[in-house]
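Taking it in order: structure first as structure tokens, then the write-up.
Protein chains: 2
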Amino acid sequence: MWVSRRTDYATRAILTLSLEGGGPLKLEEIARRTAVPQSVLEQVMPTMRTAGVVRSERGPAGGYRLNKDPSEITLERIVRLFQGPLAPISCATRHNPEPCPMMVGCTLRDVWEEVRDATISLLGGVTFADLAKRAGGPWLDPALIAPVPNPSPTT
Amino acid sequence: MWVSRRTDYATRAILTLSLEGGGPLKLEEIARRTAVPQSVLEQVMPTMRTAGVVRSERGPAGGYRLNKDPSEITLERIVRLFQGPLAPISCATRHNPEPCPMMVGCTLRDVWEEVRDATISLLGGVTFADLAKRAGGPWLDPALIAPVPNPSPTT
DNA sequence: GAGTATCCTGACAAAGCTTGTCGACTTCTT
DNA sequence: AAGAAGTCGACAAGCTTTGTCAGGATACTC
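If you're matching them up, the sequences are chains A and B in order.
Just so you know, we're using the numbering used here here: the first sequence kicks off at 7 and counts up by one.
Just so you know, we're using the numbering used here here: the second sequence kicks off at 7 and counts up by one.
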């Protein structure tokens, strides 16, 4: 699995929000703490908002908060959001795998699937609550982040 | 980890050679059996020759053979040959990792390293003898593939 | 030693993906 | 009304991947 820059940025942002108390964090502040170009975060955060991972508030005193408890957000979720399938090769995805042209190549596919499954089980088992705990800092009070629907504005 | 096309092709070629008896296989024949464009194999095979994985013979009746027993060739070896580091992100490579700009980001790096290690242990544990056995077919007689130095012609 | 079969090498174009930036817009608070 | 945020789409630059090709080098055969 390769982690794109955007995925990296997104995970840093979520970790930052997980470590923060309840108050919303401005995009600019997240960008500062994560060392991510603000213009890129401007693309990344809305993606996570649409996915329901994060919630936003506009106007002064606005910003972003988590929309779930960190213990409910896995690394897998975020990675998939930005990179799609976790399989190392397209013939080893779980849905719509590309057919192998080689008669005997499927033996290899088995291994690629093992890699995929190992990755999934690892990333699926790590939540941002775990990460925040490991980071040693305080993190979000569950009471402050009760899920709230925050659909795209067109709704 | 993402597997590039060339890596895929290379592994298919090695598996094909592992399944073949002792005789050399022509590039054209390997291309046919693996469903790989011959022009691409013309790039891939020399790379493996230089790395000592494979041995070549020119002229009529020439072709490629393995230069080692399939049990000594791991998937990891081939993947690394074409893709370099197996880490999902450049701050998690074992040599010369790129420094993390984020103070707390290293918590994430730990996970990327776990992914890396899981991948390495999987790919490092699978040899082409295993794969050939799984494929069910006969494969190379060890007696026929005693390693022979086959350095690049400039030597 | 001529001819042929095979591997070898480097250059390269096309396509695709990733990255980061920008400008114009919407929404919210005061 | 003004200002402080987030939102959205377009896009250019750069990089990587992919596949192709032409010409060269080496070995076998007759």
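Virtual Cβ for every residue (Gly too), placed ideally from N, Cα, C.
Please return the same chain residues whose Cβ sits closer than 8 Å to the Cβ of L129/A, not counting the five positions on each side in sequence. Here the set comprises T80, L81, E82, V85, L92.
Would you call D116/A buried or exposed, if buried means 16 or more other Cβ atoms sit within 10 Å of its Cβ? Burial call: exposed.
Within 10 Å of its beta-carbon, does A138/A have 16 or more other beta-carbons around it, so buried, or fewer, so exposed? Its Cβ being crowded by 16 or more others within 10 Å, A138/A is buried.
With a threshold of 8 Å between beta-carbons, can V46/A be considered close to chain B, or not? By this cut-off, V46/A is not an interface position.
Neighbourhood of A152/B by C-beta, 6 Å cutoff - its chain only, sequence neighbours within 5 removed: Since pLDDT at A152/B reaches only 42, below the 50 mark, its modelled position is unreliable, and no value is offered.
Quick one: which chain B residues come within Cβ less than 7 Å of D14/A? What D14/A touches in chain B: I95.
Look at the Cβ atom of R55/B, then the Cβ atom of S45/B, and state whether they are nearer than 8 Å. Between R55/B and S45/B, the C-beta spacing is not below 8 Å.
Assumed close pair T133/B, E48/B - CB separation to whole angstroms, cut-off 8 Å: Not confirmed; about 26 Å, so no contact.
Cβ-based burial, N73/A [other Cβ within 10 Å; buried from 16]: It is buried - the Cβ of N73/A has at least 16 other Cβ atoms within 10 Å.
So, do the stretch 64 to 73 of chain A and the stretch 26 to 38 of chain A have three or more beta carbon pairs nearer to each other than 8 Å? Touching, per the Cβ criterion.
Grab me the residues of A19/B's own chain with a C-beta within less than 6 Å of its C-beta, minus the 5 sequence neighbours each way, in chain order. In the same chain as A19/B, and ignoring 5 residues on each side of it, the C-beta atoms closer than 6 Å to its own belong to I36, T40, in chain order.
With 16 as the cutoff for other CB atoms within 10 Å, does P43/A come out buried or exposed? Exposed is the call here.
Taking the continuous alpha helix (DSSP H) assigned at S24/B, which residues delimit it? Unbroken alpha helix (DSSP H) run through S24/B: 11 to 25.
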